[in-house]
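For the sequence shown, our numbering begins at 24 and goes up steadily by one. Glycine included, every Cβ here is placed at the ideal spot set by N, Cα and C. Note that the coordinates shown come from a computational prediction; the quantities given were computed from them, not determined experimentally. Step one of this worksheet: look at the structure below.
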Amino acid sequence: MNGIPLIEKYGYFLKDLLAASVAPDVITTENVYQEANLESRKFMKLMMKENLLEGSKINGLENFRKFYDLVKSGKRGLILSEHFSNMDLPAYCYMLEEYGDDFCKDLSLSTVAIAGMKLNEANPAVKAWAEAFSRVVIYPSRSLKAHESQADFDAEMEKSKKINMAAMRAMDHCKKNGHPILVFPSGTRYRPNKPETRTGLREIDSYLRTFDYMILVSINGNCLRLNPENPEEMTQDLVTKDTIILSASPVMECRKFRKEAMASLSDDVEDKKSEVVQKVMDALTAQHDAHQAEYKAAYKAATGQESDYYA
């Protein structure tokens with residue numbers, strides 16, 4: 024796979040990025056909401072500018088506009104996005120600001136992403152990267168691991184509950200105050216040959232019940248790809264120049280989508296909530312597929328080569 028490890032490509036400004044970092048190393052109930060560090064954001068913009076190829080574009084700008092207007096009118100707005108890499112959120116924000124209309128910068132700056140604790144606690148460089156964007160930090164259910172004793176597991180379970188309760192309160196405050204909430208419904212980056220990473224989290228069903236309107240965001244192209252030799256170490260992800268096609272679906276009413284999805288399920292389906300969320304994932308995949316030919320044509324026009332990328 025082509026690409027240069029992130030730490031190798033951009034190690035030269037790591038010292039400055041770390042010096043700009045102010046986010047906490049440990050997540051508690053008191054710091055689950057973390058506002059964007061605009062000093063860190065400058066480095067993200069530099070990376071996007073250097074690696075986005077000609078032909079990158081936004082599809083469905085009118086859908087973003089309608090969604091933005093609804094949020095500004097007081098409606099609770101949800102953005103559900105595909106998740107290929109840690110460049111997805113930077114790409115969303117950068118492309119809105121650089122390729123969008125007059126309202127897009129405010130949409131970018133006001134968006135609050137739901138993020139897992141790992142981004143803060145695993146690595147100082149990853150934390151410095153993540154804090155370029157406003158986030159509500161949660162304790163993902165997938166992160167709860169077995170412990171040596173039941174008492175330790177129970178203590179960790181209690182910690183996760185407290186952090187997530189605080190996160191839900193913070194998210195509720197954000198969405199009531201004009202901030203759209205961006206969620207990656209898979210809860211993890213998609214991995215090649217691991218279909219389980221494309222399965223939506225059951226918890227997303229609760230978002231459909233508590234938000235008013237949503238858009239789906241698909242991402243064709245990716246400037247930061249998993250390193251197959253070290254897929255768990257984020258600083259080893261591979262930086263790659265690429266075209267990105269960022270596409271927004273028409274705006275949908277969340278509860279209407281959920282009601283129709285529920286109605287389409289047969290009575291013998293045991294876990295209907297999970298199946299509803301899978302319909303979100305299926306819609307994201309269909310949207311991605313619909314723009315894949317456009318992405319390949321744009322990539323070829325920019326490079327003179329064929330792209331075989333589809334994460």
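Considering only GLU120, LEU142 and TYR91, the residue with the shortest C-alpha distance to ASP48 is LEU142.
C-alpha of THR211 to C-alpha of ASN250: approximately 15 Å in a straight line.
DSSP links GLY139 through a beta bridge to ILE161. Judged by DSSP in its simplified three-state form, GLU276 adopts strand.
A distance below 8 Å separates the beta carbons of LEU93 and TYR236. Comparing C-alpha distances from GLU154 to each of ASP228, LYS168, ILE137 and ALA178 shows the shortest one belongs to ILE137. For LEU103, the enclosing beta strand (DSSP E) begins and ends at 100-104. DSSP links PRO28 through a beta bridge to LEU261. Of the residues TYR56, GLU73 and ARG88, the one whose Cα lies closest to the Cα of GLY139 is TYR56. Linking ALA43 to LYS32 through their CA atoms gives a straight-line distance of about 19 Å.
In the displayed model, ALA271 falls within a strand according to three-state DSSP.
Of the residues assessed, GLU252 falls on the exposed side of the cut-off, its CB having fewer than 16 other CB atoms within 10 angstroms.
The beta carbon of GLU58 sits closer than 6 Å to the beta carbons of SER157 from its chain, once the five residues preceding and following it are set aside; these are given in chain order. In the structure shown, ARG225 falls within a coil segment according to DSSP collapsed to helix, strand and coil. Comparing alpha-carbon positions, the option among GLN315, LEU119 and GLY100 lying closest to PRO203 turns out to be GLY100. Just so you know, the alpha carbons of PHE126 and PHE176 end up roughly 46 Å apart. Contact between CYS277 and LYS264 is ruled out by a C-beta separation of about 37 Å, above the 8 Å threshold. In this structure, the alpha-carbon of LYS185 lies about 10 Å from that of GLU179. Remark: C-beta atoms of PRO254 and ARG214 approach each other more closely than 8 Å.
Its chain contains SER209, TYR213, MET304 and THR308 as the residues whose beta carbon lies nearer than 8 Å to that of ARG221, once the 5 sequence neighbours on both sides are disregarded; these appear in chain order.
Between the C-alpha atoms of ASN74 and GLN173 there is a straight-line separation of about 48 Å. In the displayed model, VAL149 falls within a helix according to three-state DSSP. Taking MET285 as reference, the option from VAL262, LEU231, GLY26 and ALA316 with the minimal CA-CA separation is LEU231.
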